[in-house]
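The listed protein sequences correspond, in order, to chains A and B.
For the first sequence, this note's numbering assigns the number 1 to the initial residue and increments by one for each residue that follows.
For the second sequence, this note's numbering assigns the number 1001 to the initial residue and increments by one for each residue that follows.
Using N, Cα and C, we set each Cβ at its ideal position, and we do this for glycine too.
Quick caveat: nothing in here was measured; it's all calculated off a predicted structure.
Take a look at the structure set out below.
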Amino acid sequence: MRPRIPFLLKKDLRVTRVFWIPACFSFGAFLLVFFENSWAFLACGIGLTVVLAAFPMAIDDHYRTDALFAGLPGSRSSLVAGRYLSWGLAALFGLVLFLAAAACLLLTFKSRTVHLAPLLSAKGALAFLAGSSLAGLAFLPSYFRFGFWKGLAVFAGGSLGLAVVLSFLAPILAPSPGGAATTSGPLSATIGAFRWLAGRANHILRNPLFFALTAFGLVILILVSFRLSLAFYERRDL
Amino acid sequence: MDHALEVRNLRKRYPGFTLKDISFALPRGYIMGLIGPNGAGKTTIIKLILNIVRRDAGEVKICGLDGLDEESAAKARVGFVLDEPPFYGYLKAPGMASIIAPFYDKWDGDLFRRLCREFELPMRKRVNAFSRGMAMKLALATALSHGAELILLDEPTSGLDPVFRRELLERLSGLIHDGRTSVLFSTHITSDLERLADYLTCVRDGELVFSTTRDEVLENWATVRGGEELLTGENRDLFTAVNRGPYGFAALACDKEEARRRLAGRGAVIDRLRLDDLVYFLGQKDKGKS
């Protein structure tokens, strides 16, 4: 029996093919709106990649084709693995679009977009991939447990909740945004705290040991997410 | 006997519905009809065989292969048509086939194209512009294009015009002539089965009523009509289902000879069973019972 996962990947590429060009245009258009701020630019790129990666699942949900693929030769585990690989592929495709958009903006607007230059680096690419992968690792178990729309709602609700909690925690964890808080208000304090935390993370990850530990943590996260998805999907009636 | 499909003690519980310990076997080279009223569990059984729905208990063997432990190998031998063919609406028939084909080692592209031509399927039209009948034909073409040994069909004739329905039945009948292909076929158009099925499996409310040869059903079962006075306690056990009306009763008896022995000469009319009547009675179980 031939391995089934490549066919599932090919299927995702085939069914999304008609949307590739519109996706490229929307990517460019949205990133053009957010290029003034490198953080917003990065977040927008990750958000668009999540949309791109979730697209095959939305199509399968719309046409109810999950039952068809569950009936074809293969197992549920290959369906789950196919989704993870498809997400990874979409993250890489999103990264290419993101870097291309950043490079185009830098070449076109030069001094106005100089703050985007650090994103065009291995570190920028890693940050982008980490963000889009973490989103996938959180979304996919929810998708396999609840289906597409309910899963998306749970994922969005969870992400929002986490963002709110982090917004409260960040100023507490950061030692010196207090000045900003008193002069520019709590929002600036939170943003300042996030920047400080990101700077600290950047500093810590320069240490090869911490980098290796973070990479190991990511691998554990992938395994946990995959096992959860598999457990949910094995039990699900399609 | 060599079986294409063996189902043993299959169980599935949903809120408000339970499929209870369904067991039947389909010998290789035969056609089995799966009948029962709406909501009896026919579609659930087919989805359980394909593992689209997960079973709570029981065992399924396809051509001797375990449906769970040897899932891929077992499914490679199955062609299936679901009651709502799930296709990407914006693709055309060849595009849909190009997605399904790689999953089967024995996919025959020439056969698929030939079947599409025979079924008069438009190859340049998107699937979402297909009528239900055309979508069903496309599903059939994909199910028949990889040399499946077991064909599972869930209401395949619904939505088809009578001419194509007849052609399809003849095709299914032709399929089993090789002695290795078998068909399990759920339908509410029971006249199709009277013409075609070698075996019948009947379910009602998630329970198996019988699974046997068509001839045995048609020989042993009967419909009985008569006055209310015949529905005495001792006769009541003759009937699987009773429908009472203002002018007496009509009932389904599973032992025609016993019914004849007990009721002949007492004003009862005992008729040969038609499968339509069978499904009707099972769906109307004890309607009007006082």
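Query: Going by CA-CA distance only, name the one from Y1014(B), V1269(B), F1080(B) and R1077(B) that's closest to E1228(B).; Result: V1269(B)
Query: Using a C-beta cutoff of 7 Å, does A1291(B) count as contacting chain A?; Result: One cannot answer for residue 1291(B) here, as it falls past the ends of chain B, which runs 1001 to 1290.
Query: Which residues bound the beta strand (DSSP E) around D1021(B)?; Result: F1017 to P1027
Query: Could you check what DSSP says for L954(B) in three-state terms: helix, strand or coil?; Result: Residue coverage of chain B in this structure runs from 1001 to 1290, which leaves residue 954(B) outside it and unanswerable.
Query: List, from N- to C-terminal side, the alpha helix (DSSP H) runs of 4 residues or more that fit wholly inside the segment 1155-1240 of chain B.; Result: 1162-1175, 1190-1196, 1214-1220 and 1233-1236
Query: Answer with buried or exposed for F139(A), where buried requires no fewer than 16 other C-beta atoms within 10 angstroms of its C-beta.; Result: buried
Query: Quick one: is S75(A) near chain B, going by C-beta distance under 7 Å?; Result: yes
Query: Comparing the C-beta of G71(A) with each C-beta of chain B, is any distance below 7 Å?; Result: yes
Query: Measure the CB-CB distance between T1201(B) and S1191(B) and report whether it falls below 7 Å.; Result: no
Query: Residues of chain A with CB under 9 Å from E1071(B), in chain order?; Result: P73, G74, S75 and R76
Query: Can you give the Cα-Cα distance for L1305(B) and L1230(B), rounded to whole angstroms?; Result: Outside the modelled stretch of chain B, which goes from 1001 to 1290, sits residue 1305(B), for which no answer is possible.
Query: Hey, is F7(A)'s beta-carbon within less than 7 Å of any beta-carbon in chain B?; Result: yes
Query: Would you decide whether I21(A) is buried or exposed? Buried here means 16 or more other CB atoms lie within 10 Å of its CB.; Result: exposed
Query: Roughly how many angstroms separate the alpha carbons of F194(A) and S133(A), rounded to a whole number?; Result: 20 Å
Query: Apart from the five residues on each side of it in sequence, which residues of its chain come closer than 8 Å, Cβ to Cβ, to L1278(B)?; Result: I1035, T1190, C1202, V1217, W1221 and L1252
Query: Interface residues of chain B around V80(A) at Cβ under 9 Å?; Result: None at all; the shortest Cβ gap to chain B is about 14 Å.
Query: Give, in chain order, every residue of the segment 1039-1055 of chain B whose Cβ lies closer than 7 Å to some Cβ of chain A.; Result: L1050, N1051, I1052, V1053 and R1054
Query: From the DSSP output, in three-state form, read off H1003(B) for me.; Result: strand
Query: Using DSSP bridges, identify the partner residues of D1271(B).; Result: T1223(B)
Query: Check the Cβ-Cβ distances between I1189(B) and every residue of chain A, and say whether any is below 7 Å.; Result: no
Query: Taking buried to mean at least 16 other C-beta atoms within 10 Å of its own C-beta, is L1172(B) buried or exposed?; Result: buried
Query: With a threshold of 7 Å between beta carbons, is R14(A) in contact with chain B?; Result: yes
Query: If you run the structure through DSSP and keep just helix, strand and coil, what is N1038(B)?; Result: coil
Query: Distance cutoff 7 Å, beta carbons only. Does K1125(B) sit that close to anything in chain A?; Result: no
Query: Could you have a look at F1249(B) and say whether DSSP puts it in helix, strand or coil?; Result: strand
Query: For the beta strand (DSSP E) containing I1062(B), name the first residue and the last one.; Result: A1057 to I1062
Query: What's the call for K1047(B), buried or exposed, on a 16-neighbour Cβ count within 10 Å?; Result: buried
Query: In terms of residues, what are the limits of the alpha helix (DSSP H) holding V1127(B)?; Result: First-last for V1127(B): undefined, no H or E at that position.
Query: Find the nearest neighbour of N170(A) within the set G158(A), S188(A) and D66(A), judged by alpha-carbon distance.; Result: In the sequence on display, residue 170(A) carries Ala and not Asn. Comparing Cα-Cα distances from A170(A) to each of G158(A), S188(A) and D66(A), the minimum goes to S188(A).
Query: Give me the Cβ distance between I1031(B) and D1198(B), rounded to the nearest whole Å; I'm assuming they're in contact under 8 Å.; Result: 5 Å
Query: Does the distance from the CB of D1130(B) to the CB of L1153(B) come in under 7 Å?; Result: Note on identity: in this sequence residue 1130(B) is Phe, with Asp being the wrong assignment. Not closer than 7 Å, so no.
Query: Which same chain residues end up closer than 7 Å to M1134(B) when comparing Cβ atoms and leaving out the 5 residues on each side of it in sequence?; Result: L1121
Query: Along the chain, where does the alpha helix (DSSP H) containing V18(A) start, and where does it finish?; Result: From DSSP, V18(A) is part of no alpha helix (DSSP H); its letter is neither H nor E.
Query: Below 9 Å between beta carbons is the criterion; list the residues of the segment 1080-1091 of chain B that meet it against any residue of chain A, in chain order.; Result: F1080, L1082, E1084, P1085, P1086, F1087, Y1088, G1089, Y1090 and L1091
Query: How is D1066(B) classed by DSSP in three states: helix, strand or coil?; Result: strand
Query: When Cβ atoms are compared, which residues of the segment 1090-1113 of chain B fall closer than 8 Å to chain A?; Result: Y1090, L1091, G1095, S1098, I1099, I1100, P1102, F1103, Y1104 and D1105
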